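Reviewing the structure listed below.
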Amino acid sequence: MRLQQFFSCCCNEQEDQLQNKLQLSINNIQSPQSNSQIKLTLDSFTLLNVIGKGSFSKVILVRKNDDQKLYALKIIKKKIIQQKKQYERVMTERNILINTNNPFIIKHYSSFQNKKKLFFLLEYCGGGELFNLLWRKKQFDEELSKFYVSQIILGLEYLHQQNIVYRDLKPENVLLDTDGYIKLADFGLSKIIQENENMKSICGTNQYYAPELIQKKSYGKQVDLWTLGCLCFELINGKPPFQNPQEIMNTDIQKLCQCLNCSDLFKDLIIKLLERNFKKRIDIKQCKSHQVFENINWELIYQKKVIPLIKIQKKNEIDISHIDYGFLNENPYSYVSETYNTNNQFQGFSYYNNSNINNK
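Numbering (UniProt numbering), first residue to last: 1 to 360.
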């Protein structure tokens with residue numbers, strides 16, 4: 001587990017909120033209406049185990065009572081959303097989840113609410129967090145790292161094509177499905193931007209802050225490439241390249257990468273991603289064409305036709321041995337049984353996609 005000070009911090013972003021007030025028609029991203037004829041409630045599910053948590057939320061493994069299928073239910077307290085004034089951010093996450101469709105992005109089935117909580121019904125990835133697998137293995141070899149990084153690149157490429165900046169790429173937000181492939185999750189800090197729009201708010205996880213955030217400069221999609229470089233380093237090394245903003249700004253990157261147990265080509269990729277001048281930092285297209293990936297068939301990766309280097313072994317459907325054991329001791333019902341009520345309905349939040357859930 002990471003220390004508390006390294007958990008994602010909330011964006012304090014006045015300029016972002018002005019732009020993010022549901023102007024979600026950007027780049028054809030729409031705000032679908034709910035199917036009012038079908039309603040899910042918390043009583044539609046049996047709560048099994050806590051399998052994850054973030055700054056404002058918990059994720060619980062649930063079984064849908066009518067079809068007995070497993071899902072991940074992300075639960076957010078309305079009280080916290082109101083206190084932190086994060087309504088626009090929750091709605092942005094909701095609309096990103098609804099409108100994205102990519103093999104490497106977590107699938108969303110429904111959003112619903114009660115008086116106390118907001119709920120995202122998501123696909124359950126039984127392999128747990130990439131962070132947990134890395135913690136168990138200590139380090140990845142280069143081939144395994146490239147297998148995961150290639151999928152992350154395709155996921156980021158898709159997001160950037162939709163003018164979505166992820167802003168919180170880290171091993172905890174990369175989930176492993178039982179097929180051995182990854183899914184990007186948690187879009188609570190993501191931002192929908194207009195073409196070539198820049199941002200100024202400081203958010204993310206401070207170990208992964210891009211230099212332009214620390215320098216309080218305007219920034220764009222390039223921040224996701226910096227965090228990709230941090231993640232590449234961490235997969236090989238077992239630990240992130242930096243622990244604080246001072247190290248981010250002052251460490252000799254080339255010297256830092258000399259100690260890595262990987263090829264010179266992989267080191268070169270990391271060095272090019274950890275370029276402090278974001279104007280010189282390589283982009284997604286240059287990543288894909290980097291020589292280190294010359295043996296990667298991007299189409300086969302996208303179609304999930306490459307045999308995974310690690311297969312997720314499960315004893316049964318609800319085997320949770322791949323989940324961080326720190327979550328499993330928590331009572332899933334304790335998070336949903338509080339007495340606090342709010343009469344505020346989050347208008348436009350609830351959504352149900354009947355075809356999605358029937359095709360699961």
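Glycine residues also receive a C-beta, built at the ideal position from the N, C-alpha and C atoms. What you are looking at is a predicted structure, and each value in this text was computed from that prediction instead of being measured.
Buried or exposed (CB count within 10 angstroms, at least 16 for buried), residue i
i, result
"L228", "buried"
"Y259", "Strictly speaking, residue 259 in this sequence is Cys, with Tyr absent from that position. Classification for C259: exposed."
"N237", "buried"
"D252", "exposed"
"Q222", "buried"
"L22", "Since pLDDT at L22 reaches only 39, below the 50 mark, its modelled position is unreliable, and no value is offered."
"E157", "buried"
"residue 365", "Past the edges of the chain, shown from 1 to 360, lies residue 365, and the structure says nothing about it."
"N353", "buried"
"M91", "buried"
"W226", "buried"
Cross-strand partners of residue i (DSSP beta bridge)
i, result
"M199", "Y219"
"A72", "L61, L122"
"Q113", "L118"
Through-space distance from residue j to residue i, alpha-carbon basis
i, j, result
"L328", "V62", "13 Å"
"N35", "K116", "With a pLDDT of only 48 at N35, under 50, the local geometry of the prediction cannot be trusted, and the value read off the model is given with reservation. Each residue's Cα considered, the two are about 21 Å apart."
"L265", "T178", "30 Å"
"K200", "I271", "25 Å"
"N244", "P211", "11 Å"
"E275", "Q254", "10 Å"
"N206", "L134", "20 Å"
"E330", "E142", "35 Å"
"F349", "E123", "18 Å"
Same chain, Cβ closer than 6 Å to residue i, neighbours up to 5 away in sequence not counted
i, result
"L213", "I202"
"F131", "P171, E172"
"L300", "V306"
Own chain residues within Cβ distance below 8 Å of residue i, not counting five before or after
i, result
"K311", "G180"
"H290", "L265, D268, L269, K272, I282"
DSSP-derived helix/strand/coil call for residue i
i, result
"E330", "coil"
"F45", "strand"
"E157", "helix"
"Y166", "coil"
"I284", "helix"
"Y351", "strand"
"L189", "coil"
"I96", "helix"
is_contact[residue i, chain D] using C-beta, thresh 7 Å
i, result
"R94", "The structure shown has no chain D; it contains just one protein chain."
Same chain only: Cβ atoms within 7 Å of residue i, ignoring 5 sequence neighbours per side
i, result
"D186", "G54, D168, N173"
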